[in-house]
Amino acid sequence: MSSQRGNVSRSRAQKHHNTTAFKNDKYGATAQVKKANLKIHNGLCQHCKGVLEWKVKYNKYKPLTQPKKCVKCSQKTVRDAYHIVCKPCSLQLEICCKCGKKEDIVIPVNSHLDKKEQEDEEREKRHRRGKKEVEDFDSDDDYDDDDDFAGIEDEENDFNRDSKP
Ligand SMILES: [Zn+2]
Ligand SMILES: [Zn+2]
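Residues 3 to 167 (the numbering used here) make up the sequence shown, in order.
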């Protein structure tokens, strides 16, 4: 197996094909594996979510036995393995729990627990965006009044009348 990482442009075909996809619960899942399989990787960027899902899938995910220190608030509030930032800090700073970078979070923290909070946030977002006003067309501008013509006609008549001897 090649140890080269990220080589996606190799020309030769893959030598070995699994006839079935790898399943980590093939021989009866342990409680730990079952728990890892159910894990929701929230508060993570696309990359880190992929890494942790990969770890779970290939039985490399080792859950924490005790909370770890968060690199942001220095409290022992990190309860997920491989995470360096706790959920509240991730939420507040809008950073990924694992790499600590300001990335787009795939599954927002607590999205499955606190739906109301998310709804409030959505509403606020909509409000901030503002309502796009529809332009008001004034169709009356297309019509010209014929009153001016009538006025000229009247003047002419008056002039003719006055010029008579
Ligand atoms: Zn924290
Ligand atoms: Zn990340």
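Yeah, the Cβ is synthetic: ideal placement off N, Cα and C, and Gly gets one too.
Small disclaimer: the values here were computed from a predicted structure and weren't measured.
Report the rounded CA-to-CA distance for residue i versus residue j, giving the unit in angstroms.
i, j, result
"leucine 54", "histidine 43", "8 Å"
"tyrosine 63", "histidine 129", "41 Å"
"glycine 45", "tyrosine 84", "12 Å"
"proline 69", "arginine 14", "46 Å"
"aspartate 27", "leucine 66", "20 Å"
"lysine 51", "alanine 23", "20 Å"
"glutamine 34", "valine 58", "10 Å"
"cysteine 101", "arginine 125", "29 Å"
"serine 11", "lysine 17", "15 Å"
"threonine 21", "threonine 32", "24 Å"
"leucine 95", "isoleucine 107", "11 Å"
"lysine 25", "histidine 19", "15 Å"
Once you ignore the five residues that flank residue i on each side, which residues in its own chain have a CB closer than 6 Å to its CB?
i, result
"lysine 71", "Lys78"
"leucine 93", "Val111"
"cysteine 99", "Gly45, Leu46, His85, Val87, Ser92"
"arginine 81", "Pro69"
"tyrosine 60", "none"
First and last residue of the alpha helix (DSSP H) that includes residue i?
i, result
"cysteine 91", "89 to 95"
"alanine 33", "33 to 40"
For residue i, which residues from the same chain have a beta carbon less than 8 Å from its beta carbon, with the 5 sequence-adjacent residues on both sides left out?
i, result
"cysteine 75", "Cys88, Pro90, Cys91"
"tryptophan 56", "Lys62"
"lysine 37", "Pro65"
"isoleucine 109", "Ile42, His43, Asn44, Gly45, Leu46, Lys51"
"valine 73", "Ile86, Val87, Gly102"
Would you say residue i lies against chain B (beta-carbon separation less than 8 Å)?
i, result
"glutamine 77", "Protein chain content of the structure displayed is limited to a single chain, and chain B is not contained in it."
Can you name, in chain order, every residue of its own chain whose Cβ lies under 7 Å from the Cβ of residue i, other than the five neighbours on each side?
i, result
"isoleucine 97", "Val87, Lys103, Lys104"
"leucine 40", "none"
Whole alpha helix (DSSP H) runs in the segment 42 to 86 with 4 or more residues, listed along the chain? 48 to 59
Just to be sure I understand the criterion: a residue counts if its Cβ is closer than 7 Å to at least one heavy atom of ligand 1. Which residues meet that? Cys72, Lys74, Cys75, Gln77, Thr79, Val87, Cys88, Pro90, Cys91
Distance cut 5 Å, beta-carbon to ligand 2 heavy atom: residue list by chain order: Cys47, Cys50, Cys98, Lys100, Cys101
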